[in-house]
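Shown next, in structure tokens, is the structure this report addresses.
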Amino acid sequence: MVMDAVGSAASAVGEALGLIKPDKAKLVCTGDNMPSGETEIECMFNPTEYRLTQTLNVTRNNTPATDGGTPEFSGTNAMTLTTQLFFDDFSSLEGDVTPKITTLLGWTRPTQSSRDKKKPCPPLVSFKWGGNPQLDDFSGYLKSVVVNYTIFRKDGTPVQAKVDVIIEGQQEQIGGQNPTSHSINSRRVHTMIDGDTLQSVAYKELGKPAYWRAIAELNGIDDPLRLPAGTVLLIPTVADAARNA
């Protein structure tokens with residue numbers, strides 16, 4: 627009884643501190659492109675960990691004056707979420723973990739509605755658990771689902787499985803998606819090369835030479851004629867450049 631009391635007290639303290647999370651983690655289909663079957667999978671057991679990965683693309687232009695080359699930022703890769711889910715139906719008389727896993731695998735395939743529209747793609751999936759703000763707006767495609775069945779009934783039906791999942795984030799594009807469409811709401815950098823001027827950079831990156839003043843202001847440039855090759859410029863958004871033109 628003493629141990630039970632201690633355990634109850636520890637549980638109460640843990641819940642008060644937010645250390646115990648009774649809410650079950652879920653994988654939920656989001657957006658308009660819904661599958662025809664189940665759209666939510668509640669984890670039988672919460673994962674012990676999950677990993678978020680965010681990387682960016684940097685190319686380096688070799689120059690005699692700079693060791694390692696001059697870095698040029700060319701975009702941020704989609705965030706990925708990696709975790710392992712545990713499915714266990716061993717205690718049930720006719721346990722079977724395959725229905726949930728079949729649903730999960732189905733989310734890697736194009737939905738019927740997307741096929742009907744001649745634009746086949748799988749549904750977007752989000753990972754819902756706890757109060758991590760990094761997950762609030764995160765959704766993406768199931769890039770990888772690896773199933774490891776570990777325990778079986780006598781007839782071979784799987785009753786336990788570990789599933790490694792990778793979700794590759796997908797964000798709605800704002801503005802253009804090609805070099806000449808000048809994305810409205812993204813910042814990037816440009817590395818000056820021989821022959822570059824602020825006007826030419828403004829035309830290349832923002833579509834209008836007149837936006838050179840916005841670039842100069844953002845980078846604190848007083849003399850736009852004295853910018854040596856290798857200078858790294860932060861490029862404003864098209865919206866900001868238009869306001870400052």
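Numbered per the numbering used here, the sequence shown spans residues 627 to 871. The C-beta atom is built at its ideal place from N, Cα and C for all residues, glycine as well.
- The three-state secondary structure of arginine 677, taken from DSSP, is strand.
- If you draw a straight line from the Cα of valine 771 to the Cα of serine 826, it is about 47 Å long.
- Excluding the 5 residues flanking it on each side, aspartate 781 has no same chain C-beta neighbour closer than 6 Å.
- Distance from the CA of leucine 719 to the CA of leucine 682, rounded to the nearest whole angstrom, comes to 50 Å.
- If you look at alanine 787, you'll find it isn't in any alpha helix (DSSP H); it sits in the beta strand (DSSP E) that goes 784 to 795.
- For alanine 836, the closest alpha carbon among the candidates Asn703, Thr728, Thr665 and Val864 is that of Val864.
- In this structure, the beta-carbon distance from threonine 817 to threonine 696 falls below 8 Å.
- Only residues of its own chain outside the window of five on either side were considered, and among them Cys655, Thr656, Gly657, Asn659, Ser765, Gly766, Tyr767 and Gln796 have a CB closer than 8 Å to the CB of leucine 750, listed in chain order.
- Secondary structure note for valine 827: its alpha helix (DSSP H) is the uninterrupted segment 824 to 832.
- Take phenylalanine 699, set aside five residues on each side of it, and the residues of its chain with a beta-carbon closer than 8 Å to its own are Leu682, Asn683, Val684, Arg814 and Val815, in chain order.
- Within the region 718 to 774, the runs of alpha helix (DSSP H) that reach at least 4 residues and sit entirely inside it are, in chain order, 724 to 732 and 738 to 742.
- When Thr702, Asp715, Ile819 and Thr783 are compared, the shortest CA-CA separation from proline 854 is found for Ile819.
- Per DSSP, the unbroken beta strand (DSSP E) holding isoleucine 861 starts and ends at 858 to 861.
- Valine 785 sits close to valine 723, with the two beta carbons spaced by under 8 Å.
- Taking all protein chains in view, the Cβ of glutamate 831 is crowded by 16 or more other Cβ atoms within 10 Å, so the residue is classified as buried.
- Taken atom to atom, the span from the alpha-carbon of serine 717 to that of tryptophan 755 is near 25 Å.
- Under the three-state reduction of DSSP output, aspartate 866 falls in the helix class.
- Apart from the 5 residues on each side of it in sequence, isoleucine 841 sits with its Cβ closer than 7 Å to the Cβ of Leu824, Val827, Ala828, Leu859, Ile861 and Pro862 in its chain, given in chain order.
- By the CB criterion at 8 Å, threonine 702 and threonine 679 fall outside the cutoff.
- When secondary structure is reduced to three states using DSSP, isoleucine 847 falls in the coil class, being assigned neither helix nor strand.
- Put simply, the backbone Cα of proline 850 is about 13 Å away from that of glycine 821.
- For the set Gly757, Trp733 and Thr783, the Cα lying nearest the Cα of proline 746 is the one of Trp733.
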